[in-house]
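Trainee:
Numbering (UniProt numbering), first residue to last: 1 to 551.
(1) Please name the residue, chosen from 211, 47, 56, 358, that lies closest to residue 62 on a Cα-to-Cα basis.
(2) Following the continuous beta strand (DSSP E) through residue 449, name the residue where it begins and the one where it ends.
(3) Sort out for me which residues DSSP pairs residue 457 with in a bridge.
(4) Between residue 163 and residue 133, what straight-line distance do the alpha-carbon atoms span, to the nearest angstrom?
(5) Quick check on residue 623: does DSSP put it in helix, strand or coil?
(6) Mind listing, in chain order, the continuous alpha helix (DSSP H) runs of no fewer than 4 residues lying wholly within the stretch 71 to 136?
(7) Can you give me the C-alpha to C-alpha distance between residue 120 and residue 322, rounded to a whole angstrom?
(8) For a test of the three-state rule: what should DSSP assign to residue 478, helix, strand or coil?
(9) I believe residue 209 touches residue 28 by the beta-carbon criterion, under 8 Å. Please report the beta-carbon distance rounded to the nearest angstrom.
(10) Is the CB-CB distance between residue 206 and residue 390 below 8 Å?
(11) Please look up how many angstroms separate the CB atoms of residue 386 and residue 214, rounded, as I've assumed it's under 8 Å.
(12) Since residue 378 sits in a beta bridge, which residues does DSSP pair it with?
(13) For residue 275 and residue 294, I'd like the C-alpha separation in whole angstroms.
(14) Just to confirm the assignment: which complete beta strand (DSSP E) runs, minimum length 3, are found wholly within the stretch 295 to 382?
(15) Whole-angstrom Cβ separation of residue 64 and residue 41, contact assumed at under 8 Å?
(16) Look up residue 403 in the DSSP assignment and say whether it is helix, strand or coil.
(17) Specify, as a first and last residue, the run of the alpha helix (DSSP H) that residue 32 falls within.
(18) I think residue 111 touches residue 508, with their Cβ atoms under 8 Å apart; what is that distance to the nearest whole Å?
(19) Could you give the first and the last residue of the continuous beta strand (DSSP E) run that contains residue 204?
(20) Below 8 Å on the Cβ atoms is my contact criterion, and I expect residue 356 with residue 320 to pass it. Report the Cβ-Cβ distance as a whole number of Å.
(21) Does the distance from the C-beta atom of residue 469 to that of residue 482 stay below 8 Å?
(22) Could you check what DSSP says for residue 12 in three-state terms: helix, strand or coil?
(23) Measuring alpha carbon to alpha carbon, tell me which residue in 333, 476, 379, 445 is nearest residue 204.
(24) Could you check whether residue 38 and residue 358 sit closer than 8 Å to each other, using their CB atoms as the reference points?
(25) Below 8 Å between beta carbons: does that hold for residue 353 and residue 301?
(26) Pull up the distance between the alpha-carbon of residue 224 and that of residue 123, whole angstroms please.
(27) Apart from the five residues just before and just after residue 118, which ones in its own chain have a Cβ nearer than 6 Å to its Cβ?
(28) Which residue wins for smallest C-alpha separation from residue 56, given the options 529, 263, 268?
(29) Since residue 195 is in the beta strand (DSSP E), which residue starts that stretch and which ends it?
(30) Which residues mark the beginning and the end of the beta strand (DSSP E) in which residue 510 is found?
(31) Closer than 6 Å by C-beta to residue 535: which residues in its own chain qualify, once you throw out the five before and the five after it? Chain order, please.
(32) I'd like the list of long-range same chain contacts for residue 328, defined as Cβ closer than 8 Å, with 5 residues on each side in sequence excluded.
(33) Could you tell me the boundaries of the alpha helix (DSSP H) in which residue 502 lies?
(34) Select from 375, 211, 344, 102 the residue whose C-alpha is nearest the C-alpha of residue 231.
(35) Do residue 515 and residue 529 have their C-beta atoms within less than 8 Å of each other?
(36) Mind checking whether residue 45 and residue 261 have CB atoms under 8 Å apart?
Have a look at this one:
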């Protein structure tokens, strides 16, 4: 622990600084396609970078170089690009090709509805879309609504693709091969990740190339990847790429880990893939179907998105006895990782979200404006070379979250003990569903469009599988109260309200926690919703219901 003066208390890693120089004159593809860096393990060219889950088709380093030349995609279509695709082996090479041309990418969640995609296109000021063939209808409709011409929509070619007037990436490569190479200021933005900040609808986070590179080096240093005795990740290891393929995925490639690309996640298929590809590293997800599976090759399990309870940590360790089980914590505004389990722990500290990574300094700000000592609660502030630059075209939100001195407000209530971060609650009003952010205000605004809803408050409630799920407390219009006197009529109305969300929002935003009818939404004198009161009520009511009744 260190302090810049008597009033400021700061926390950092548990070890002396080891972080190497972070280059600020390289793009992400230049950094990853250069094998001469001393901080990177030597990776034989025979080790695949990507493997298709279903077919087993492997893509090695020389093949990655051949997929896209420096004069490829983007020379013929204006930038920035919106990526609307499930995971694919060509996903990251396509991102790198756009980076080579000085372009910016804004990855979009493939589960988005047309309206949600249009909002991102407009927020990020995207001028072009690269879509997976399976999601092309939504992409084309969103493009029309956002004023993006069809000729600026391209698609990933797949074995099952139907004929389409939309160009494929391969066709764009052929077209762009003779075009002059673009130029970029390498210290500037590489992409625009989507985040809700501390509240509200998604915002475009401006992420520079240097931030992504910095976070990769931070994780590599923290994980001691050059020390074969200490590191839990080795060249030639295999992991399943089931998470968004933009930020943290770069770390595995840097370490020489093969990414098995799983386009669409289902739990049973995920378990099959672990056994089929002899996976040695995975992200932790608890499910009854995991019982009886062969996890003997797994050496390292990382849990993220939501705190892992002590009970779940213990159960996971028993299920996979040969593996280190731990947690990590991060956010888009810090280009991902802030803390993660260190390699010298065989099992993560219960309740902890890992140890602060190298190069990162944190403060804990108490409600009275003073800084917390070890073990005291407050909001986590983070300073790191991986911090983003702010929110695109949103000065107000940028000033609220990105503070002077390269500090980022996380909106999470925490305490720090022994250099580990313990997340207690979320000051910001976001709900995290399997790692995806859900803003209550977004769902509340949509629910108020339902004719029966007079007022509403959406909260997150604990869920063993998803971490949290949305639940809506609804006040009915007077005209509807008389229509639902019977229990059956009330349940039918609740189902219709839930369907109103399901029909217009991504699947992870659905009201899986249910709909509860109440007389009034508690508010303070200024009209602000007292969300915590309803969140506590929901937790108490769910805790009183046996687990089997909820499954």
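Beta carbons are placed, not taken as given, at the ideal position from N, Cα and C, and that holds for glycine. Predicted model only: the values in this text are computed from it and were never measured.
Mentor: According to the data block:
(1) 47
(2) Counting along the chain, residue 449 falls outside any beta strand (DSSP E), and DSSP gives it neither H nor E.
(3) 473
(4) Residue confidence for residue 163 is low, a pLDDT of 49 falling below 50, so the modelled location carries little weight; the figure read from the coordinates is stated next. The straight-line gap from Cα to Cα measures roughly 10 Å.
(5) Because the chain spans 1 through 551 in this model, residue 623 falls outside it and cannot be assessed.
(6) 91 to 100, 114 to 124
(7) Roughly 42 Å between the two C-alpha positions.
(8) helix
(9) The Cβ separation is near 5 Å, so the contact holds.
(10) At the C-beta level, residue 206 and residue 390 come within 8 Å of one another.
(11) 4 Å
(12) 414
(13) 6 Å
(14) 300 to 303, 324 to 331, 336 to 340, 352 to 356, 361 to 365
(15) Not really, about 17 Å apart at Cβ, beyond 8 Å.
(16) strand
(17) 28 to 32
(18) That pair is a contact at about 7 Å.
(19) 203 to 208
(20) So it is not a contact: roughly 26 Å between Cβ atoms.
(21) The Cβ atoms of residue 469 and residue 482 do not sit closer than 8 Å to each other.
(22) coil
(23) Distances from the CA of residue 204 to each of 333, 476, 379, 445 were compared; the closest alpha carbon is that of 333.
(24) no
(25) Inclusion of residue 353 and residue 301 in the CB contact set at 8 Å is not warranted, their separation being larger than that value.
(26) 39 Å
(27) 142, 145, 146
(28) 263
(29) 189 to 195
(30) From DSSP, residue 510 is part of no beta strand (DSSP E); its letter is neither H nor E.
(31) Contacts found: 459.
(32) 302, 303, 304, 337, 339, 340, 341, 353, 354
(33) 487 to 502
(34) 344
(35) no
(36) no
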